[in-house]
Amino acid sequence: QSLTDPASLAQCFVKATADTPMMAAKHKAGPYKIAFSNSLYGNNWRTEMLNIASAYVKQPDVAQHISSFKIFNSGNDVSQQISQIRSMILSGYDAIVVDAASPTGLDSVINQAVKQGIVVVAFDNTVGTLKAINVNEDQTEMGRQWAQFLVKQVPANKTILMVRGLAGATVDNDQVDGAKSVFKDHPDLKLVEVYGGWDVGTNQKVTADALATHHDIGGVWGTEGATGALQAILQVHAPLVPMTGESDNGFMMLATENKIPATVIGQSPALVAVAIRAAIATLSGQSLPQSANVPLTALTTDEMKPDVDYFPKLPGSFVTNISIPQCGVHIPVTDVVK
Amino acid sequence: MPDAVLRAENLTKRYGGITALEDVSLSLAAGEVLALLGANGAGKSTLVKLLSGNILPDGGSIAIGGEGRHLTSPRMAFEAGVATVHQELSLFGSLTVAQNVLIGREERGRFGHIREDASLRRTEALLAEIGVPDIAADARVGTLSLAQRQLVEIAKAMSFDPRVLILDEPTSALGLTDVHRLLTVVRGLRAKGRAIIFISHRMEEIEDIADSVTILRSGRKVGAFPRHSFTRERALELMLGETQQQLHAVPPPPAPPDSTPPILQVADLRLDGRLNGVSFDLRPGEVLGLAGLEGQGQKDMLFALFGLFRRGLRGDVIIRGQARRASRPLQAIAAGLAFIPDDRKNMGGFMFLPIAHNVTITILNRLRRFLFLDSRQEKAVVSALIRQLAIKCSSADAPLGSLSGGNQQKVIAAKWLAFERDIYLFCDPTRGVDAGARETIYATIRDLAAAGKGIILYSTDMVEFPILCSRVLVFRGGKIAGAVSGAEINEESILALSFRDTGTVAA
Amino acid sequence: MSKMRDRLGEHIGPLCCAIGVIAVVALYAAYQPAILSAFGIASLANASVTLALAALGQTVVLMTGALDLSIGSEISLVNCFAATFMGDGTTSIVLVVIASLLIGVLAGAINGVVVAYGRVAPLIATFCTSFVYAGISLTLRPQPGGSIPDSFANLLTGNWGLLPFSAVLLLLAVLVIWLPVFRSRLGRFILAYGDNPDSAFASGIPVRRVGMAAYMLAGLFAAIAGLFLAAETTSGDPSIGNVYTLNSLAAAVLGGVALTGGRGSMIGPILGAILLSIILNVLSVVGISAFWQDFIEGGILILVLGLAGIRLLRAQSWTSLLGRSQS
Amino acid sequence: MSATTDLQPGRSGPRLSAAVRRGALPWLILAVVYALCVIASADFLTWHTIRLQLIQAAFIGLVAIGETLAILIGHIDLSIPWTITLTGIFATNLYAAHPHEWVAFGAAIGIGVAVGLVNMLGVYVLRVNSLIWTLSINLMLQGLTLIYTNAAAPTTVVPPAAKFLALGMVGEIPMAAVLWAVCAVIVIGALRFTPFGRAVYAIGSNELVALVSGIRLGRVYAAVFITSGVMAALVGLLLSGYSSQAYLGMGDDYLLPPVAAVVIGGSRLAGGEGGYGGSIAGAMTVILLEAMLITLNVSQGEREIVFGAILLALAFLFLGRSRR
Ligand SMILES: Nc1ncnc2c1ncn2[C@@H]1O[C@H](COP(=O)(O)OP(=O)(O)OP(=O)(O)O)[C@@H](O)[C@H]1O
Ligand SMILES: Nc1ncnc2c1ncn2[C@@H]1O[C@H](COP(=O)(O)OP(=O)(O)OP(=O)(O)O)[C@@H](O)[C@H]1O
Ligand SMILES: [Mg+2]
Ligand SMILES: [Mg+2]
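Written out as structure tokens, the structure reads:
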């Protein structure tokens, strides 16, 4: 079966580092009882992600492995999430999929779960404990690829505006570390960093502020919410410069419309499906890297196709990369937008 | 005077541009009751606040027991032996009597924990000592009547076992019996050698209790004499700065003829246990007094008429022939009623807002031109009323809270005079008001009556009934125990009715 | 008779919460009987204790008629500090615990100085200091991490038979801090000051020191909460406390504490905190979608507040009705 | 908290009349903060930069209209963030389905009025503390928005009028600022010169006295909370126009900054004193402070410390002091 086929698993789950150990669990006969402990909810990415989770487990080839699937939401409250996971341990789930409220805070409860023979897969906001399988997209690599795109496009001696995400978040630090590993080889480029909070409005505001004080901006290194940065540029009629961003529908629409050289790579909400797949594969006896990365797909402006890569009829806040073909995850857009 | 317990010299206090007190000196011996007299805003309370460490003087000195003191907080004053009952009560409604009385000086156990039982017993002993054993030491102060709270406040001051006790208008909220009780307590304290400063606007009380009298006017000391050389006329002259025309000489407004149809009819009004079937009529031009001992339903009667009870009121209120029983003030106002409350702080005025805005709050719609307020007309209305009631203020834009108590009371009256109504409910309108302002308010009531308004007057000061009312209803137990009218209105007849059932008539 | 009704009225908040807690736990147990096991009870207790501690701290400040919007940041601060500096040795643990408590008290003292001596309105003062404390946590630990020794973690989060250690911690906090304070003059002063600040001043109560003390106590409770979170998560996180600021207010109000000051108990906020904490859990267990959670949580709050309001509406006179919300 | 303040000493403070202090100091604070901005970056001298800040300030300022009124009657409105988000998403969705401007604006006003009425119900009729009631309503609105967006994702179709109001220019002046100025004149006029204004101050000073004086409390409460709801809803539309989309969480920055703007603007949190004039300066101060800190390019932690400390210093030095 394709879900647990070792070759296709190897294609999807790439070791994060060369020395990442492989992990296996005791084989169990399916179908499995799986719980999903989600933290934050209420932004677009999470909403799509929750819809994808519900849709994915209903796809026939997945459904056959699953006897019950339940979503728990704790909000951004670590204590709450710990107690929910404890209650999952009590309920005898076979696997727990986690999008964590804290990268370190859940470690001890996850260790407890693993000790009870439960397979734990964390994705997106992953966890520190080595007992859980972490599935993510390589944020450092993402930041690096964005930066590589920019250093090719931006003339020397210009300023690059880095519209970062949320201060203190691991993802933010990883992305910026990756970018800086590229920029440090280009000392002629000046860097200005602002925090856009991964939010369109905040991006727009901080970009507008930065544009007002820096007039030699030659490129914008943006992440989630870069739609706002682009809008700020359009709004103040600043020169259109090369940009990067995540797979926001709005960003892609504006970039294609204004023919702005841009590249998008995005944290996919379908990671949840990949994580569920990892749980099923592990339970059925396959071994996976303890920390796995899903291959990235970058799209540049000239490659973006309407209604395939982006959706002119959908809201700008829609996160477009709802499928991860390398992992066999295909989610129809109608399952995500109801 | 080597035996002075308290000696204040050249005390001065300024508030911004206003000099509230200037160069005032006084001294007080053990076993002496010093009465402080003065019109509203003369600076009595300011002096009290200085002596009790609530405010700091801008000049002058205070010595207690011969020792110079710089009182920077109330606590220092307590420690120096000065306890004060302020004009505005300072109690905690959600604490019990005992917890209030002993606040900060509770009986404590080995671990510093409060011993509630011992505190309760100490409070009970204190209450018994000052002669009010009927107040339960474990009752919540929020449930007590105003008079009872006043007595609790005195117990609280007494619990310090002070050398000097200051009472700032302790009787203004009390009915006759409670006043007598309080004066007895004061006499007892004097006998024990306490020095007492006593403030009141009621001359009878001063004559009754004072050993010496000090008179303030506009922040200055204008006279001091021993009891035996004190006369009312002299005091009034010094207080008010002009020879007063003969007070009380004006007869009460005549009763309207019986044929006049009543403007207000109350029939069998009831409110769970507080009003037990009250019926009466009020005619235009009549001043109807509500008398009786404290808490017999007179005040509830006024509150009920003005719609301050939201539920539970039964019976009929008929105004100009229409049923107008109100369950909210707006309905009462629409029916033509005005209400001048006694509790000016909580019900009377907006302390932070300008005097002018206080006065015109009831007539905003009249002052409106299209959408906006006509400020010229507003100014005219306000300054006319300030003049009419002789309100002492620096300007109409000053906040109400910066006026002395009596002047605040006048502003509240002004607010309803601006808004002409048919029936005026006066609830102890002269509480804490000086003799001059009192005359102004009396004159105002008479004028209203002459203009054909119906007036109901509740007062704790029995002197007011004979000089203002053509008829007085005496309340007892939420019912009308009887009525007196015309020349029969006097303290004796009212008290007789107040006490009729028990047959005892207090002095 | 009416006295009894008065008493009942006073305890209506805690009473409603208690009934709510029982109902919610019963619902939980119906869906998942294992919750009544030792492990399950410890889960419930651990999930509620942080909020209960935060709510106790908030209640002390509410009783003075003020409020503390910095409780969450104080929790984060202590949490980050402990996770950064706590080593494996017993001495290190003891020293860091003491230092953490002192940091909480100090943060509270700063709030107290600003409010009581600086005369800045509590809402705005603690709003500002919350930024300062959050900034310090973020500087201390730009990203979550650090470590907490297992011995300390187990000490606070384990269980002894059916008795969770977290519940013992809460009990200790009540016995060692709350009860002594509210059996002493300080507690009386706090209530008196909240009831009527002007009277308190005129009665010779050291009003500023009382205001300070209330915030310091709040800081102390927040510090204990921060330490407990550190033990529970064995790490420090600069944003971990954020949820507790408003939830502590909600828990206190649910528990019948008046925001106008002068009234409040300890049992009410604790019950309110337990109710708020496990309700979310139960919603998930019962299978209610995430999208409905906020709505239902808000709805419950509004229902409880509204019910209390309807009780008030039966007030007989306007003076008591408007007097109450005034103060 | 009523009038016995004269019992307490020790409030010497600057020897300025209260009115002058409340009226002028917010602008002084603004001037100081602006000077700091200019020191941080000379770009703050350009009209271009100022214009950008002005647009941001207009959003806070418009929301602060309702907040000022709520604070003047002695309450607070913390239901603004999700009123903004719900309106942004719901009204643009509706507009996408029925592309008439009045549909979007009508829906926004409808939501604003509804939220205002619910707030009035809790705060006035049920007499629940406004802080906790409006916060709970905010939570419910958040839930409502999530439930709604799960069923219908937000669109990118934004009414042009909203875009114009948020981004358009009248000559060199942003349309948002013009709208703000118009609303400000109306509010200041209403507060100073109409019976409604008097009633607002009266209720904030002492509700019982207002009742006894025949003020229609319910109407004033309704007007205040409905204004607040409608202004929040309007800003929700404007923000959608500004970002060309409505999205979840778009109102999150509008919980406490409007309150800060009102307090820096010199209104007393307990009600009865202050006005909207100061809130204008307050809104600009809050926005400039944020912009300045962004310009300084310091770490997030340090920025939060500095922001909190400066705001505290402003509150401490001049205004927002409690009467206690
Ligand atoms: N806090 C204050 N601010 C400004 N002026 C004040 C303040 N307190 C008192 N005053 C002024 O000081 C003067 C003296 O007031 P005080 O309260 O001492 O009068 P009083 O003699 O006690 O009057 P009453 O008989 O009405 O109580 C008054 O003119 C009053 O307006
Ligand atoms: N509520 C208040 N309003 C006005 N002034 C006050 C108030 N509270 C305190 N003060 C002023 O502060 C002084 C000291 O007050 P208090 O005794 O309450 O504080 P404290 O903590 O003992 O201060 P300290 O540490 O200086 O001894 C008082 O004398 C008074 O001048
Ligand atoms: Mg006085
Ligand atoms: Mg002291």
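Protein chains in written order, with my numbering: chain A, 304 to 641; chain B, 1238 to 1744; chain C, 5 to 331; chain D, 20 to 343. Every residue gets a Cβ at the ideal spot worked out from N, C-alpha and C, and that includes glycine. Since the structure is predicted, the reported quantities are computational estimates derived from the model, not experimental observations.
Membership of Cys630(A) in any beta strand (DSSP E) is not indicated, and neither H nor E is assigned to it by DSSP.
Excluding sequence positions up to five before and after Ile79(D), its CB lies within less than 8 Å of the CB of Tyr273, Pro276, Pro277, Ala280, Ala302, Val305, Ile306, all in the same chain and listed in chain order. In the three-state reduction of the DSSP assignment, Thr102(D) falls in the helix class, which pools H, G and I.
Within the same chain, no Cβ atom closer than 7 Å to the Cβ of Gln1625(B) is found once the five residues on either side in sequence are excluded. Look at Phe205(C) here: in three-state DSSP terms it is helix. For Pro276(D), the secondary structure class from DSSP, reduced to helix, strand or coil, is helix. Scanning its chain for C-beta atoms nearer than 8 Å, with the 5 sequence neighbours on each side dropped, one finds around Pro210(C) the residues Phe193, in chain order.
Closest by C-alpha distance to Ser239(C), out of Val82(C), Ile278(C), Thr63(C), is Val82(C). By the Cβ rule, the segment 375-385 of chain A does not count as touching the segment 311-320 of chain A, because fewer than three pairs are nearer than 8 Å. For the set Leu308(D), Phe335(D), Ala203(D), the Cα lying nearest the Cα of Val51(D) is the one of Leu308(D).
Residue burial annotation: Ala61(D) is exposed, with fewer than 16 other C-beta atoms found within 10 angstroms of its C-beta. Each residue's CA atom was taken as its position, placing Leu31(C) and Val109(C) some 39 Å apart. For the segment 516-543 of chain A, residues whose beta-carbon sits nearer than 8 Å to a beta-carbon of chain D comprise Thr516, Thr530, Gly531, Gln534, Gln538, Val539.
Ile1693(B) is a Cβ neighbour of Leu1539(B), given a cutoff of 8 Å. Around the CB of Pro628(A), fewer than 16 other CB atoms lie within 10 Å, so the residue is classed as exposed.
C-alpha of Val422(A) to C-alpha of Pro363(A): approximately 22 Å in a straight line. Contact with chain B is absent for Leu288(D), since none of that chain's Cβ atoms lies less than 8 Å from the residue's Cβ. For Ala1257(B), the distance from the CB to the nearest heavy atom of ligand 1 is below 7 Å.
For Leu1545(B), the nearest CB of chain C lies under 8 Å from its own CB, placing it at the interface with that chain. Taking a 10 Å sphere around the C-beta of Met555(A), we find 16 or more other C-beta atoms and assign the residue as buried. Secondary structure at Met555(A): helix, using DSSP grouped into helix, strand and coil.
At a cut-off of 8 Å between beta carbons, Gly1673(B) makes no contact with chain C. Taking C-beta separations shorter than 6 Å and ignoring five residues to either side along the sequence, the partners of Asp1518(B) in its chain run Pro1499, Gln1502, following chain order.
For Thr1599(B), the neighbours in chain D by C-beta distance under 8 Å run, in chain order, Ser232, Gly233. Here Glu226(D) is buried. Its C-beta has 16 or more other C-beta atoms within 10 Å. Arg1603(B) sits in coil when the DSSP states are folded into three classes, being neither helix nor strand.
When rounded, the separation of the alpha-carbon atoms in Arg1668(B) and Ala1410(B) is 7 Å. For a cut-off of 8 Å, the C-beta gap from Arg1511(B) to Gly1715(B) is around 5 Å, short enough to register as a contact.
When CB distances to chain D are screened at a threshold of 7 Å, the residues of the segment 497-512 of chain A falling below it are Val497, Tyr498, Asp502, Val503, Gly504, Gln507, Lys508, Val509, Ala511, Asp512, in chain order.
Your pair Gly1460(B) and Gly1280(B) does not check out as a contact, with CB atoms roughly 14 Å apart and the cut at 8 Å.
At a cut-off of 8 Å between C-beta atoms, Phe212(D) counts as an interface residue with respect to chain B. When beta bridges are read from the DSSP output, Cys1664(B) appears opposite Tyr1695(B). Using a Cβ distance threshold of 8 Å, Val261(C) and Thr63(C) count as a contacting pair.
The C-alpha of Val134(D) is placed about 45 Å away from the C-alpha of Gly521(A). When distances are taken from the beta-carbon of Asp1580(B) to the heavy atoms of ligand 1, even the shortest one reaches 7 Å or more. For Ile209(C), the nearest CB of chain B lies under 8 Å from its own CB, placing it at the interface with that chain.
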